[in-house]
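For the sequence shown, my numbering gives the first residue as 1, with consecutive numbering after it.
Here's the structure we're looking at; comments come further down.
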Amino acid sequence: MLKGLSFEVFPPNTTIGLNKLFETLQELERLQPEFISVTCSNGTNNVAETTVKVASYIHQELNISTIAHLPATYLSRQEVDEVLSQLDKLGIHQVLALRGDILPQLTPKTDFQYASELTSYIKQVAPQFDLSGACYPEIHPESISRLSDIKHLKKKVEAGCHQLISQLFLDNDCFYHFQEACELAEIGAPIIAGIMPIVNRNQALRLLKTTKTKLPRKFLAILEKYEHDPIALRAAGLAYAVDQIVDLVTQDVSGIHLYTMNDAKVAQHIVTNTQSLFTSKTASFVV
Ligand code: FAD
């Protein structure tokens with residue numbers, strides 16, 4: 001097992017897509033990640049047929065540790081209880097406790113306003129669960145300041161999140177500054193760095209449109225130069241992600257969480273080019 005390296009997958013919303021994901025997961029299994037987390041569409045009341053089903057496959061068929069994402073803005077307490085009970089019966093006891101994005105077309109339910117409330121609730125009703133929380137090296141887009149974001153993050157950790165998984169970032173310095181701020185605020189939970197290899201133009205455009213991720217000059221140059229050359233763009237995007245990981249692991253990050261976008265070849269490339277870092281005697285993950 002590659003301790004310190006984990007993957008994220010998302011359940012597609014068609015049966016064909018889901019079957020394809022199971023094939024992808026078989027390929028990911030060979031890469032021996034520490035765990036695979038499974039996202040959950042916010043506002044869906046079909047968590048059992050999507051996230052729970054995929055997490056169950058990872059846990060029972062592949063025998064790999066899994067974390068089920070659980071965004072709760074649009075869930076009632078009773079619905080959260082049902083998901084927890086399903087996971088418990090399957091022997092899955094790791095959840096990423098999330099608020100989820102507020103969607104303009106849906107009115108939030110009122111049981112869980114913030115992820116910290118979901119975290120406290122799960123700790124109270126189902127203490128057998130290990131909880132992770134999300135964090136944002138470039139601050140959460142709704143936050144008024146870094147200070148308020150860190151204060152709320154601290155609350156979330158105090159409520160029971162034993163580790164944090166970060167939003168993707170392309171500038172490692174942002175991540176290091178965030179780590180420092182957490183340390184100053186005495187947030188002791190390990191922070192796992194979220195890395196998304198940007199391997200095609202559409203993905204890059206989506207990133208530019210939907211997030212406030214800082215785009216370093218080096219990254220912008222790649223986008224500009226290889227805009228019309230998909231093969232070169234993919235190669236450069238993968239190399240960029242490998243470079244980020246080399247730096248993070250060398251600086252003793254607590255772990256790397258790879259946003260695979262359900263692309264096993266991307267994960268394979270990253271593992272081929274970085275696995276010796278995770279198994280090196282000097283790696284902080286080796287116990
Ligand atoms: P929170 O921790 O509740 O924070 C949300 C905002 O509220 C922040 O600005 C925070 O500073 C503020 N806040 C927190 N507590 C308080 C308080 N007491 N008073 C005032 N303000 C407060 N979304 C999905 O829908 N499905 C997924 O599977 C999914 N997976 C994710 C995985 C990772 C690793 C990450 C980083 C994000 C993921 N998201 C997912 C996106 C996430 O749901 C959104 O970013 C959402 O807007 C915030 O969720 P949160 O759990 O971080 O919220």
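Just so you know, even glycine gets a beta-carbon here, dropped at the ideal spot from N, CA and C.
From a predicted model like this one, the values you see are computed outputs, not experimental measurements.
Apart from the five residues on each side of it in sequence, which residues of its chain come closer than 6 Å, Cβ to Cβ, to residue i?
i          : result
residue 90 : 56
residue 65 : 35
Let's see if you can read the secondary structure: which residues bound the alpha helix (DSSP H) around residue i?
i           : result
residue 180 : 172 to 184
residue 39  : First-last for residue 39: undefined, no H or E at that position.
residue 130 : Counting along the chain, residue 130 falls outside any alpha helix (DSSP H), though it belongs to the beta strand (DSSP E) covering 130 to 135.
Can you tell me which of the three DSSP states residue i falls into?
i           : result
residue 227 : coil
residue 259 : strand
residue 67  : strand
residue 187 : coil
residue 215 : coil
residue 72  : coil
residue 17  : helix
residue 199 : coil
residue 95  : strand
residue 220 : helix
residue 55  : helix
What does a CB cutoff of less than 8 Å around residue i pick up in its chain, not counting 5 residues either side in sequence?
i           : result
residue 230 : 200, 201
residue 13  : 41, 50
Could you give the first and the last residue of the continuous beta strand (DSSP E) run that contains residue i?
i           : result
residue 8   : 5 to 9
residue 166 : 161 to 168
Is it a yes or a no for the segment 147 to 156 touching the segment 239 to 253, going by three-plus beta-carbon pairs under 8 Å?
no
Pick out every residue whose C-beta is nearer than 5 Å to a heavy atom of the ligand FAD: which are they, in chain order?
39, 40, 42, 69, 71, 98, 99, 100, 101, 114, 115, 134, 140, 142, 143, 149, 152, 165, 167
Decide if the segment 181 to 195 is in contact with the segment 156 to 163; the criterion is three or more beta carbon pairs, one per stretch, under 8 Å apart.
yes
Count the CB pairs spanning the segment 11 to 21 and the segment 77 to 88 that are closer than 8 Å, and state whether there are at least three.
no
For the segment 58 to 74 against the segment 91 to 99, do three or more pairs of beta-carbon atoms, one drawn from each stretch, fall closer than 8 Å, so that the two count as touching?
yes
Taking one C-beta from the segment 248 to 265 and one from the segment 23 to 33 each time, how about it: are there three or more such pairs within less than 8 Å?
yes
Is the segment 216 to 223 in contact with the segment 178 to 186, if contact means three or more CB pairs nearer than 8 Å?
no
Inspect the CB distances between the segment 115 to 125 and the segment 165 to 177 and report whether three or more fall short of 8 Å.
no
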